[in-house]
Structure formats: C-alpha cells, structure tokens
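Position 66, counted from 1, in the sequence shown is what the working numbering calls 123; the numbers after and before it change by one each time, with no gaps.
Just so it is clear, CB atoms sit at the ideal spot from N, CA and C, and this is done for glycine as well.
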Amino acid sequence: MVDQVIAEHAVPAGYVLMPKTLTAENGAKAALIGEFTIRHEVTCSGCAYDEADDDCEVCGGEIEYTERVTVPWDVIKDIYAAAVKACGTGAAPAAPRPPAATEDSARLEFMLERHRTVVVELLPSRGDCGKYAIYVEEGFMRDKQYPSVGFTVTGALRADDEAFKKAKFDAIDAAIAAQGADV
Numbered sequence: 058m059v060d061q062v063i064a065e066h067a068v069p070a071g072y073v074l075m076p077k078t079l080t081a082e083n084g085a086k087a088a089l090i091g092e093f094t095i096r097h098e099v100t101c102s103g104c105a106y107d108e109a110d111d112d113c114e115v116c117g118g119e120i121e122y123t124e125r126v127t128v129p130w131d132v133i134k135d136i137y138a139a140a141v142k143a144c145g146t147g148a149a150p151a152a153p154r155p156p157a158a159t160e161d162s163a164r165l166e167f168m169l170e171r172h173r174t175v176v177v178e179l180l181p182s183r184g185d186c187g188k189y190a191i192y193v194e195e196g197f198m199r200d201k202q203y204p205s206v207g208f209t210v211t212g213a214l215r216a217d218d219e220a221f222k223k224a225k226f227d228a229i230d231a232a233i234a235a236q237g238a239d240v
C-alpha cells in the first residue's frame, strides 16, 4: 500500500521521502545515535594553572588539547526538525536563491562579536572523499551553533583552496542570515 502511494506521487530528482520526525520507532535513533561528533578545544586544568607537565595523562604537557564529543540525540533531533521546517513542503521545491552578497567588513565585524569562530568538522565518509560541515560557533563556551555549510574534497584538505575559502565565507554568511532571522 505504501509503495503504491509513493508511486502515485512523483519525487523530484535530488529529493527523497523522509519522516517528519526522527524516532526510535522509524529506525532513526538506532541509525544515527552516536554517529556524529564534534571537536572541542579544552584547556587542561592541571597544566594551565600550575606548570605544563610533560607526563600529564590528560594533555601530555600541551595545556590545550582537542576532545571529540558525541552529538547528543536530542540535538540531532533538533537539527533534523529545523531542516524539515526550513526545507519541508507539500509543493514542488522552489529554486534556491543565492544569499545577498556580504561585504568582507561585515563578515569581520560579525566574527569579532561574541567570541565567534569558524569550525570545520570532518563528517563520517567512505573512500578518499572527505566530507566536512563548516559552521560558526558563538560564545566563550561555544554554546550557540549556526547553520552549517557542506564541503566535500577529494584527497587532502588545503587551507589555500579557493573553494574551501568560499565555503567558509558561505558559513559566515549563513550565520549572519540566521542571526537576522532570530531578531
């Protein structure tokens, strides 16, 4: 019956039918829980306040280190719900509109406010293709995350790659647009 209903409705190229919410019942929880992590910069409390200790079990004397934190299930559901709200429609999809051009000075001012930083997160992928999520985090404790921009590269990620630089600008522009929508 479900296949018949799906066959009656044309799904545009580049789209798939998906549930409105992620639940354990539709298999999403088992498929996605624990699949995503973010890198989080941490300062070693022992070495930061005393003296860097080369034998430190936490940071090895580096004082700052990166830890991988699993994205909680409720955050995954919130992101999915936001994607459904932003992209879900009963009508045919509209052609995407490019965002208004942002001046470099506006981007710089935006990034300098509220301890904002651009994060480049490696996502799970197969083969030699690297998939990244690029987004802006805000706050001293990085308590706010703006929408991400996807970026895929074959081989090594190079900081001087023009497409990579553009993707970072796109992430800043997406954060600026999201901030304007929150006001």
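- In chain order, 95, 96, 189, 190 place their CB closer than 7 angstroms to the CB of residue 178, counting only its own chain and leaving out the 5 sequence neighbours on each side.
- Residue 77 sits in coil when the DSSP states are folded into three classes, being neither helix nor strand.
- Around the C-beta of residue 135, fewer than 16 other C-beta atoms lie within 10 Å, and the residue is accordingly described as exposed.
- Of the candidates 204, 109, 127, 204 places its Cα closest to the Cα of residue 138.
- Taken through DSSP and simplified to helix, strand or coil, residue 170 comes out as helix.
- Along the length of the segment 72 to 137, whole beta strand (DSSP E) runs at least 3 residues long occupy 94 to 100, 121 to 127, reported in chain order.
- Boundaries of the beta strand (DSSP E) harbouring residue 208: 206 to 211, taken from the DSSP string.
- Assigned with DSSP and collapsed to three states, residue 180 falls in strand.
- In terms of Cβ geometry, residue 100 and residue 121 form a close pair [threshold 9 angstroms].
- At least 9 angstroms separates the beta-carbon of residue 230 from that of residue 173.
- Residue 186 has its alpha-carbon roughly 6 angstroms from the corresponding atom of residue 210.
- Annotation: the continuous beta strand (DSSP E) that includes residue 187 extends over 186 to 195.
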